[in-house]
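Sequential numbering of the sequence shown, starting at 3, is according to the working numbering. Scroll down for the structure; my scribbles are underneath it.
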Amino acid sequence: MSKNELGRIVIIGAGPGGLTLARILQLKGVEVKVYERESSIDARSRGGTLYLHVKSGQYALRTAELYDKAQPFFRPEGQDMRASSVNLV
């Protein structure tokens, strides 16, 4: 299948899911454009870590050929952080 037959895809959102999907599609020869509402990576505070289940998140990273690059950032299962000075209202 030629690149033209695969078409062009627009992905809305440059979060982990959107960027992983874009990478997978690019590897398949699909022309991809990713649009993000925020103007920079620092425009919004980010959460902690993602839970990457073996059969979904880790599988997606392997399919996108990003697993080895992402692995140094993985948190061992069961390890977490707690803030002891948080006041809840």
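Quick reminder that beta carbons are idealized off the backbone N, C-alpha and C, glycines included.
- Around the CB of Ala66, 16 or more other CB atoms lie within 10 Å, so the residue is classed as buried.
- Using a 10 angstroms sphere on the CB of Leu29, the tally of other CB atoms stays under 16, which defines it as exposed.
- Counting of Cβ neighbours within 10 angstroms places Ala62 among the buried residues, the total reaching 16 or more.
- For Lys35, there is no enclosing alpha helix (DSSP H); the residue is found in the beta strand (DSSP E) stretching over Glu33 to Tyr37.
- Around the CB of Ala45, fewer than 16 other CB atoms lie within 10 Å, so the residue is classed as exposed.
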